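Residue numbers (the numbering used here), protein chains in the order written: chain A, 1 to 389; chain B, 390 to 771; chain C, 772 to 933.
Note that the Cβ used here is the ideal one computed from N, Cα and C, for glycine as well.
Note that the structure is predicted; figures quoted are calculated from it, not measured.
Quick notes on the structure that follows.
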Amino acid sequence: MKRNVAIIGGGQTYHAARRHDVNQVEMVNEAVRAALEDARMTIDEIDTVLVGNMEFFEGTHMTDCWLVDGTGAYGKPGLKITTGGTVGATIVCAGAHHVASGLFDTVLCIGFEKQEEGDTGAILSGVAHPLYGRSMAGAAVGYFAMMGTSYMAAWGATEIHSAMVAVKARQNARKNKYAHLKLDITVEDALNSRMLAYPIRMLDMCPASNGACAMILADEKTAKDRCKNPVWIRAMDTAHNEQFELDWRDVTTTKPIFSRTSAARVYKQLGVNKPADYFDVFEIYEPATWAEMVWYEDLELCGPGEGFKLIEEKRTEIDGPIPVNPSGGVLSTNCIGASAMLRVWEAALQIRGDAGEHQVPKEVRRALTTAYGGTNWTVLTALSRSLDD
Amino acid sequence: MSERVAIVGVAQTKFSPKRADVNYSEMAYEVIAQALGDTGLTIERDIDNAISCSHDIWDGQTISDIGITDVIGGHLRNEEKMAMDGSTAVYYAAIGILSGEFDCTLVLAHTKMSQTSRNIVNNTAFDPIYTRLLGLDFTSAAALQAARYMHARHITDRQIAKVVVKNLANALHNPVAHNKGRYTIEEVLAAPVVAAPLREMDIAPDTDGAVALIMASEEKAKRITPSPVWVLGLGTSYDAHYLGDRDLSECRALEQAAARAYRMAGITDPARDIDVIELGEEFSYQELLWLEGLGICPRGEAGRLIDSGFTAIDGDLPVNPSGGLLSGVPANVAGLNRVAEAALQLRGDAEGHQVHNPRIAVAQGHSGFCGQHQCVIVLGRE
Amino acid sequence: MEPEEPKQELINIPITVDVPYRFAAGTYMAKFLVELRDNGKFYGIKCPVCKRVQMPPRIVCAACHVKNTEWVELGPEGTLVGFTIMYLPLTDPTTGKPHEPPFSYGSVRLDGSDSVLDHFLNIEPKVEKIRVGMRVKAVLRPREQRIGDLSDILYFEPISRQ
Chain A
1 MKRNVAIIGG
11 GQTYHAARRH
21 DVNQVEMVNE
31 AVRAALEDAR
41 MTIDEIDTVL
51 VGNMEFFEGT
61 HMTDCWLVDG
71 TGAYGKPGLK
81 ITTGGTVGAT
91 IVCAGAHHVA
101 SGLFDTVLCI
111 GFEKQEEGDT
121 GAILSGVAHP
131 LYGRSMAGAA
141 VGYFAMMGTS
151 YMAAWGATEI
161 HSAMVAVKAR
171 QNARKNKYAH
181 LKLDITVEDA
191 LNSRMLAYPI
201 RMLDMCPASN
211 GACAMILADE
221 KTAKDRCKNP
231 VWIRAMDTAH
241 NEQFELDWRD
251 VTTTKPIFSR
261 TSAARVYKQL
271 GVNKPADYFD
281 VFEIYEPATW
291 AEMVWYEDLE
301 LCGPGEGFKL
311 IEEKRTEIDG
321 PIPVNPSGGV
331 LSTNCIGASA
341 MLRVWEAALQ
351 IRGDAGEHQV
361 PKEVRRALTT
371 AYGGTNWTVL
381 TALSRSLDD
Chain B
390 MSERVAIVGV
400 AQTKFSPKRA
410 DVNYSEMAYE
420 VIAQALGDTG
430 LTIERDIDNA
440 ISCSHDIWDG
450 QTISDIGITD
460 VIGGHLRNEE
470 KMAMDGSTAV
480 YYAAIGILSG
490 EFDCTLVLAH
500 TKMSQTSRNI
510 VNNTAFDPIY
520 TRLLGLDFTS
530 AAALQAARYM
540 HARHITDRQI
550 AKVVVKNLAN
560 ALHNPVAHNK
570 GRYTIEEVLA
580 APVVAAPLRE
590 MDIAPDTDGA
600 VALIMASEEK
610 AKRITPSPVW
620 VLGLGTSYDA
630 HYLGDRDLSE
640 CRALEQAAAR
650 AYRMAGITDP
660 ARDIDVIELG
670 EEFSYQELLW
680 LEGLGICPRG
690 EAGRLIDSGF
700 TAIDGDLPVN
710 PSGGLLSGVP
720 ANVAGLNRVA
730 EAALQLRGDA
740 EGHQVHNPRI
750 AVAQGHSGFC
760 GQHQCVIVLG
770 RE
Chain C
772 MEPEEPKQEL
782 INIPITVDVP
792 YRFAAGTYMA
802 KFLVELRDNG
812 KFYGIKCPVC
822 KRVQMPPRIV
832 CAACHVKNTE
842 WVELGPEGTL
852 VGFTIMYLPL
862 TDPTTGKPHE
872 PPFSYGSVRL
882 DGSDSVLDHF
892 LNIEPKVEKI
902 RVGMRVKAVL
912 RPREQRIGDL
922 SDILYFEPIS
932 RQ
């Protein structure tokens, strides 16, 4: 990129299953105000506003147009991009492009979802081609269920490992005041929760949340002038995957796939040899427990088929050597259009040392985040505390 | 801009009321293959970014860029979907190249209006609490805007009908247009009223089609073609959502977007500096209103502008020599088609609807009802 | 600041958005559906570069960026690569109604194909009855009842000789 780009502020809503007290405009505005307050800025100091969500999940076409009073975009340049579940991270990339282009110094990035206002299951089943595979009505649950059966058959993991991921997420979420599912649960609780789609039980799956996240990006000069603790965007990479080949559920596949391809590109760009050592914390997009274990492998935090051992050995706990999702992750909070941005924002909070009770108990200089959406798409974002890291 | 961005390739389908022979992926591939073929570029060697433009609700597919991932080269690579008008896809593609992150971007817009109902789709763009239940769609909202504009600026039915006459006649020379013909003002005014004051012929018809552009950095562009079309300026802006919060006889968002684009391009006297305009007249009155927003004349003067022949294809400043949206361009594709037509004019490749030796062209597109979001792109030969 | 309990009475407005569509299958998918309907056969398409056999057939090989060319008959037997037993009555977007849970469905790789197809399994929805790797075959509607969409496949069922 032609200019360095920093995160100079951000904010999020208190995520919840019910937000009847606010409409979509008001809910988004909560995150926008929090971000402006965090950056000690006013909306007048924002050069452009970028918005992303899951198109039509709330039953409204062109939401960016309705939301102008909440986003602060009235009278400003701006746009809306959608890339499915990855969109929150895509908006951060778009923000970084805007700053790096030299045309804008400050960019407000917003991701949101008010899931209760639409039928998410039906719309997610609509991800399938209209004439091919849509009638199974499996939505995301069915897809990750097949990943689970494939994972267990291939590597010898059991439902207990899935339960361990479920517990880690919700116990971490209890330390995050913004998280949706703050559950004091045990492995037994997870194993006894209601079966949704074998082997996915209620506690193995993300919730449907309402919430928003907003972040402010700036160029190096503005960041250094205006912000005590800017967090720098060091690498971004997007990999989509073809329409009909959902390779992620066949966990033994050796084909080049989105997750591994994108990680390899980011690692090459930054000169990373041992990602588990190079990065101090990870915030990954895991809509279901099984996806977290596959992410460990695809990010090369362990070898193929060893993801379930990392959770068994408690290495990815908040105080472990490779903390993954100290925020509680997507398993605890999934306002889809915001979820991928929350990963980046939570990673930035860890680098700033501002994560509060879920701050990992070690120095955090570098963080890696992932996104997930579409037919296996991702956006990886690497952050650092200084431009020398 | 320290570094520049150019349009180096343009491809358009022939627009048609219904393309039952292809799904949207195959329709998109027609223009992608043509744009790559014309420029001699390949996805793996040359293209490092892709931006598509459409909407899930039009496509009937959740995350509808899934459907074009294969054909646009999105597999294991970058692709982003602009859920707005196609003009904003060009705006964002240019920003991506200026950022230094990308060198060569494939931009695609596609929509098959024939596969669903325009009124239902557009009704869902109104907020669900306050205005949607009134049953408004873009046509009924535009009728309110037309009535307000005509009243406030003393624009007549005949002046608006002249836009239809001009654009449908221009379209006769445009090989990709499907709605065209020689009509008189009287024939336009005799068309059935849809939402007063709008008549059938005032409304852009339902259309299927796709447009692709290839955009590149200055260095890359010069290696691809001897006649790159340069992006000289760009601007966007949002107006208020609620119609009651706007004076519909004005278009502040367009004035702001144009001011940003002109400042970047060094345009100080738009009527003199600009040689050709392609703008998004989804409804005929919008051509006049947008010309005021683009600063081609003072507010309220656009009626006299069309009376004078200033915007005719052989006038001082031809507007929509392609026939514009009235000649049949799909929603969402609209703005990318504006940019494509402006680029063809600057290259001298506009065939029968070529205007004389243009150096500076402006393309305008908009999203949302009554032009809530506006985008202006200034293009030049040098 | 935690959100306060609101005092104002709250109103939610129910709206059903009903959007009708008529999808063109396109030339590649149309051949697939017509062969299935008229001849009970599955057709995939082979990439001329990587030789990958893709189903459903599609215009471009996403990996090689070339037009797919060669039609290949597949199945009707195949291997189960993943499955689930669905306990949730999720809405089927093609009908607007849910299926009766529990029901099983899975990903089947038809013999000769590099792709998999998701479809219902005619197997008792019990974990011990279904396993990854089991051999299955497609069961179609009777010829005269087929309509040319994917519902012409009723389900996959285990091949009895196992």
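Beta carbon proximity, residue i to chain C, threshold 9 Å
i, result
"A/Tyr132", "yes"
"B/Ser414", "yes"
"A/Gln243", "yes"
"B/Tyr418", "yes"
"A/Ser150", "yes"
"B/His464", "yes"
"A/Asp394", "With chain A covering only 1 through 389, there is no way to say anything about residue 394 of chain A."
"B/Arg408", "yes"
"A/Ile8", "no"
"B/Leu335", "Chain B is shown only over 390 to 771; residue 335 of chain B falls outside these bounds and no answer can be derived."
Interface flag, residue i vs chain A, CB-CB below 9 Å
i, result
"C/Asn893", "no"
"C/Glu871", "no"
"B/Tyr538", "no"
"C/Phe813", "no"
"B/His499", "no"
"C/Gly877", "yes"
"B/His543", "no"
"B/Gln401", "no"
Nearest-angstrom beta carbon gap, residue j and residue i [assumed within contact, 8 Å]
i, j, result
"A/Arg365", "A/Asp280", "6 Å"
"A/Ala208", "A/Ala17", "7 Å"
"A/Thr369", "A/Leu387", "18 Å between Cβ atoms; not a contact."
"A/Val294", "A/Met152", "That pair is no contact at about 12 Å."
"B/His742", "B/Ser697", "That pair is no contact at about 20 Å."
"A/Gly52", "A/Val5", "Rounded, the Cβ-Cβ distance is 17 Å, inconsistent with contact."
"C/Asp882", "C/Gly853", "Going by Cβ atoms, the distance from C/Asp882 to C/Gly853 rounds to 17 Å, so no, they are not a contact pair."
Within-9 Å CB hit, residue i to chain B
i, result
"C/Gly797", "yes"
"A/Pro93", "Reading off the sequence, residue 93 of chain A comes out as Cys, not Pro. Yes, because at least one Cβ of chain B sits closer than 9 Å to the Cβ of A/Cys93."
"A/Pro256", "yes"
"A/Asn325", "no"
"A/Cys65", "yes"
"C/Met906", "According to the sequence displayed, residue 906 of chain C carries Arg and not Met. No - not a single Cβ of chain B is within 9 Å of the one on C/Arg906."
"C/Phe927", "no"
"A/Lys2", "yes"
"C/Phe794", "yes"
"A/Gly337", "no"
Residue(s) in a DSSP beta bridge with residue i
i, result
"B/Ile766", "B/Leu623 and B/Ala752"
"B/Ser414", "Looking at the DSSP assignment, B/Ser414 forms no beta bridge with any residue, so it has no partner."
"A/Leu368", "A/Phe282 and A/Ala382"
"C/Phe927", "C/Leu892 and C/Ala909"
"C/Arg880", "C/Thr850"
"A/Ile216", "A/Gly9 and A/Leu108"
"B/Glu469", "B/Ile440"
Going residue by residue through the region 590–615 of chain B, where are the continuous beta strand (DSSP E) segments of at least 3 residues, counting only ones entirely within it? The region 590–615 of chain B contains these whole beta strand (DSSP E) runs: 597–606.
Go through the region 529–555 of chain B residue by residue and report every complete run of the alpha helix (DSSP H) that reaches 4 residues or more, in order. Considered as a whole, the region 529–555 of chain B harbours no complete run of any alpha helix (DSSP H) with no fewer than 4 residues.
Residues of the region 183–206 of chain A with a CB closer than 7 Å to any CB of chain C: list them in chain order, please. Cβ contacts with chain C come from Met195, Leu196, Ala197 and Tyr198.
What are the residues of the region 51–62 of chain A that lie near chain C, defined by any Cβ-Cβ distance shorter than 7 Å? Of all residues in the region 51–62 of chain A, Gly59 have a Cβ within less than 7 Å of some Cβ in chain C.
Please list the segments of the alpha helix (DSSP H) lying wholly inside the region 137–203 of chain A, counting only runs of 4 or more residues, in order along the chain. Qualifying alpha helix (DSSP H) stretches, in chain order: 139–155, 159–173 and 187–192.
Length-filtered (3 minimum) beta strand (DSSP E) runs lying within the region 803–874 of chain C: When DSSP assignments are scanned along the region 803–874 of chain C, the uninterrupted stretches of beta strand (DSSP E) that are 3 or more residues long and fall wholly within it turn out to be 813–817, 841–845 and 848–857.
Output the residue ranges of the beta strand (DSSP E) runs that lie fully inside the region 227–291 of chain A and measure 3 residues or longer, sorted by chain position. Inside the region 227–291 of chain A, DSSP marks whole beta strand (DSSP E) runs of 3 or more residues at positions 231–239 and 281–283, from first to last along the chain.
When Cβ atoms are compared, which residues of the region 89–120 of chain A fall closer than 9 Å to chain B? Identification of residues in the region 89–120 of chain A having a C-beta nearer than 9 Å to some C-beta of chain B yields Thr90, Cys93, Ala94, Ala96, His97, His98, Val99, Ala100, Ser101, Gly102, Leu103, Phe104 and Glu117, given in sequence order.
Contact list for the region 808–839 of chain C against chain A, Cβ threshold 8 Å: Among the residues of the region 808–839 of chain C, those with a Cβ less than 8 Å away from any Cβ of chain A are Gln825, Met826, Pro827, Arg829, Ala833 and Ala834, in the order of the chain.
For the region 847–872 of chain C, enumerate the residues whose C-beta is nearer than 7 Å to any C-beta of chain A, in chain order. Cβ contacts with chain A come from Val852, Gly853, Phe854, Thr855, Ile856, Met857, Tyr858, Leu859, Leu861, Thr862, Asp863, Pro864, Thr865, Pro869 and His870.
For the region 353–383 of chain A, which residues have a CB atom closer than 8 Å to at least one CB atom of chain B, in sequence order? Cβ contacts with chain B come from Gly373, Gly374 and Thr375.
4 or more residues per run - each alpha helix (DSSP H) lying fully within the region 693–721 of chain B: Within the region 693–721 of chain B, no complete alpha helix (DSSP H) run reaches 4 residues.
Could you list the residues in the region 445–460 of chain B with a C-beta less than 8 Å from some C-beta on chain C, going in chain order? Cβ contacts with chain C: Ile446, Gly449, Thr458, Asp459 and Val460.
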